[in-house]
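Data block below; observations after.
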Amino acid sequence: RVQLAPAAAEQRRLQEQRRPQPEAADVAAQHAPADDLNRLPQELAAEQRQLQQAVQPRRLWRETPAEQPRARQSNVQGRQYLLQQKKEHCRQQPGEEDIKRCDSCLDYILKSSEGVMCPTMAHFFCKLCLQGLLKAFKTVDYAVQKRGKGRVLCPMKESEAPFGDAALAAHVLPEVFNEYLGVRIIVAKADFRVKMIKENNDKLEDLKKQLADGIGSAEQREIDAHRLRILDDIFTLKCPRCRLAFFDFDGCCALVCAGCACGFCSYCLKDCGDNAHAHVPWCEERGPGWHDMYCQQEEWLVYQRRRKTRILGHYLASVPQALRQKICDSIAPDASDLGITMP
Numbered sequence: 005r006v007q008l009a010p011a012a013a014e015q016r017r018l019q020e021q022r023r024p025q026p027e028a029a030d031v032a033a034q035h036a037p038a039d040d041l042n043r044l045p046q047e048l049a050a051e052q053r054q055l056q057q058a059v060q061p062r063r064l065w066r067e068t069p070a071e072q073p074r075a076r077q078s079n080v081q082g083r084q085y086l087l088q089q090k091k092e093h094c095r096q097q098p099g100e101e102d103i104k105r106c107d108s109c110l111d112y113i114l115k116s117s118e119g120v121m122c123p124t125m126a127h128f129f130c131k132l133c134l135q136g137l138l139k140a141f142k143t144v145d146y147a148v149q150k151r152g153k154g155r156v157l158c159p160m161k162e163s164e165a166p167f168g169d170a171a172l173a174a175h176v177l178p179e180v181f182n183e184y185l186g187v188r189i190i191v192a193k194a195d196f197r198v199k200m201i202k203e204n205n206d207k208l209e210d211l212k213k214q215l216a217d218g219i220g221s222a223e224q225r226e227i228d229a230h231r232l233r234i235l236d237d238i239f240t241l242k243c244p245r246c247r248l249a250f251f252d253f254d255g256c257c258a259l260v261c262a263g264c265a266c267g268f269c270s271y272c273l274k275d276c277g278d279n280a281h282a283h284v285p286w287c288e289e290r291g292p293g294w295h296d297m298y299c300q301q302e303e304w305l306v307y308q309r310r311r312k313t314r315i316l317g318h319y320l321a322s323v324p325q326a327l328r329q330k331i332c333d334s335i336a337p338d339a340s341d342l343g344i345t346m347p
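Last residue of the sequence shown: number 347 in the working numbering, and the count goes up by one each step with no gaps.
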């Protein structure tokens, strides 16, 4: 054995002291039994399988391996066989006797509270199918929406009885039900618009007929003529080119007439050729600070009421003083119905 000099031995001892010491966990792992290291992959695999089973949805029924070949005999026979086996399985569940079959997806539901019967009590719909029905109801034709007055009807047969709101709200997501209520609001607004147009047209036709037939005194006919002019030219919004009447709009303030394709501003009703987008952001009627193309409908209605009041004041100032009050009395009910303040 080579014996180191005292200086060399001391230097080697100092180098060993400066060397980093292993952690306690590393020392334990080095001396761990081989069986523990072999069991580690199996334990990790078992934990992974448990996590996968926890996140998978629970199925009501699943065919056994022995039943799978028989279920695959054909698409039609296999489907019928699976449905029959599933139904038998549901009936064998302890304490679960109230079983329903969804008439839309043909799935069996263990509890009837997980779905809704149609208004005719002839068809049952599960939660998922009911939610899909309400989503599809938003995009169907307006004629279908109007048939139920904005309420969804049974899609399995011709029915006039709508689903109840309480049952729908209890089985679908809140956002889906709120969108469904929005369809009802749209249909109600459209019905109100049609009713207003009809009433206004009937009122104008009656006045025109009275003037044509010469009913009443000369003074009354003159008052009726002024009332007709106010109702037709001031209270009724019209296209500046073809005089087609309109009551409201949705979306952009640059309107296009459905009769003559005239582009005009929804505020000042100025004829802008075939496109009013360049005029709307700088319309003087809207006032300073408005440079966007859209507006709230209530804001637009308030402005139009003020505009009609201003135009009505200019018109009444041009009629004879003796007839002014009588004309105001004749048009006061019409102005009140439209929310217009008399000048």
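The beta-carbon is built from N, C-alpha and C at its ideal position, and this holds for glycine as well.
Beta-carbon within less than 6 Å of residue i's beta-carbon, same chain only, minus the 5 sequence neighbours each way: which residues are those?
{"i": "GLN241", "result": "Note on residue identity: the sequence assigns Leu, not Gln, to residue 241. Excluding positions up to five away in sequence, the list reads PHE250."}
{"i": "PRO337", "result": "none"}
{"i": "ARG66", "result": "The predicted model places ARG66 with a pLDDT of 46, which falls under 50 and marks its position as unreliable; any figure quoted below should be read in that light. Nothing listed; no residue qualifies."}
{"i": "CYS287", "result": "CYS269, TYR271, CYS272"}
{"i": "SER334", "result": "ILE227, ARG231"}
Comparing C-alpha positions only, which one of the options sits nearest to residue i?
{"i": "ILE344", "options": "GLN308, LYS139, VAL323", "result": "GLN308"}
{"i": "PRO244", "options": "ASP206, CYS261, ILE234, LEU235", "result": "CYS261"}
{"i": "ASP254", "options": "MET297, GLU289, GLN149", "result": "MET297"}
{"i": "THR124", "options": "ILE113, ASP145, LEU110, PHE167", "result": "PHE167"}
{"i": "HIS127", "options": "GLU162, ASN279, ALA140", "result": "GLU162"}
{"i": "LEU215", "options": "ARG233, LYS199, MET200", "result": "ARG233"}
{"i": "CYS332", "options": "LEU208, VAL198, GLN149, ARG231", "result": "ARG231"}
{"i": "LEU132", "options": "LYS153, ASP107, TRP304", "result": "ASP107"}
{"i": "GLU179", "options": "LYS142, PRO347, GLN329, PRO324", "result": "LYS142"}
{"i": "ASP278", "options": "ALA265, PHE181, TYR112", "result": "ALA265"}
{"i": "TYR184", "options": "ALA222, SER221, ALA140, ASP252", "result": "ALA140"}
{"i": "PHE181", "options": "ASP217, GLY136, GLN224", "result": "GLY136"}
{"i": "MET160", "options": "LEU134, GLN325, ILE113", "result": "LEU134"}
What does the Cβ neighbour count give for residue i, buried or exposed, with the cut at 16 atoms within 10 Å?
{"i": "LYS104", "result": "buried"}
{"i": "PHE196", "result": "exposed"}
{"i": "ASP228", "result": "buried"}
{"i": "LYS202", "result": "exposed"}
{"i": "CYS246", "result": "exposed"}
{"i": "ARG290", "result": "buried"}
{"i": "ALA174", "result": "exposed"}
{"i": "ASN204", "result": "buried"}
{"i": "ILE219", "result": "exposed"}
{"i": "VAL176", "result": "buried"}
{"i": "ALA50", "result": "exposed"}
{"i": "TRP165", "result": "In the sequence under discussion, the amino acid at residue 165 is Ala, which differs from the Trp named in the question. Result: exposed."}
{"i": "ALA222", "result": "exposed"}
{"i": "ALA358", "result": "The question about residue 358 has no answer here: the residues shown for the chain are numbered 5 through 347."}
{"i": "LEU248", "result": "exposed"}
Going by DSSP in three states, residue i sits in which element: helix, strand or coil?
{"i": "LEU320", "result": "helix"}
{"i": "LEU132", "result": "helix"}
{"i": "ALA258", "result": "strand"}
{"i": "LYS142", "result": "coil"}
{"i": "GLY360", "result": "Residue 360 is absent from the structure shown; the chain starts at 5 and stops at 347."}
{"i": "GLY119", "result": "strand"}
{"i": "TYR271", "result": "coil"}
{"i": "LYS199", "result": "helix"}
{"i": "ARG105", "result": "strand"}
{"i": "ALA249", "result": "strand"}
{"i": "ILE344", "result": "coil"}
{"i": "ILE219", "result": "coil"}
{"i": "LEU157", "result": "strand"}
{"i": "PRO178", "result": "helix"}
{"i": "PRO337", "result": "helix"}
{"i": "PRO285", "result": "helix"}
{"i": "LEU305", "result": "helix"}
{"i": "GLN325", "result": "helix"}
{"i": "LEU185", "result": "helix"}
{"i": "LEU241", "result": "strand"}
{"i": "LYS330", "result": "helix"}
In chain order, what residues of the same chain lie with their CB nearer than 7 Å to the CB of residue i, ignoring the 5 residues before and after it?
{"i": "VAL284", "result": "CYS257, ALA258, CYS269, MET297"}
{"i": "LYS274", "result": "PRO244, PHE268, HIS283"}
{"i": "ILE238", "result": "LYS312, ILE315, LEU316, TYR319"}
{"i": "VAL191", "result": "GLN149, LYS150, LYS153, GLY154"}
{"i": "LYS330", "result": "ILE227"}
{"i": "ARG310", "result": "none"}
{"i": "MET346", "result": "CYS332, ALA336, ALA339"}
{"i": "GLU118", "result": "CYS130, LYS131"}
{"i": "LYS199", "result": "none"}
{"i": "GLN46", "result": "none"}
What whole-angstrom Cβ distance do residue i and residue j have, given they're in contact under 8 Å?
{"i": "VAL156", "j": "LEU138", "result": "6 Å"}
{"i": "LEU327", "j": "GLU226", "result": "7 Å"}
{"i": "CYS109", "j": "CYS158", "result": "Between CYS158 and CYS109 the Cβ distance is about 15 Å, and since that is not below 8 Å, they are no contact."}
{"i": "ASP252", "j": "GLN300", "result": "About 12 Å; that fails the 8 Å criterion."}
Leaving out five residues on either side along the sequence, give the residues of the same chain with a beta carbon under 8 Å from the beta carbon of residue i.
{"i": "ARG188", "result": "LYS153, GLY154, ARG155"}
{"i": "LEU211", "result": "ASP228, ARG231, LEU232, LEU235"}
{"i": "ALA194", "result": "TYR146, LYS150"}
{"i": "GLN224", "result": "none"}
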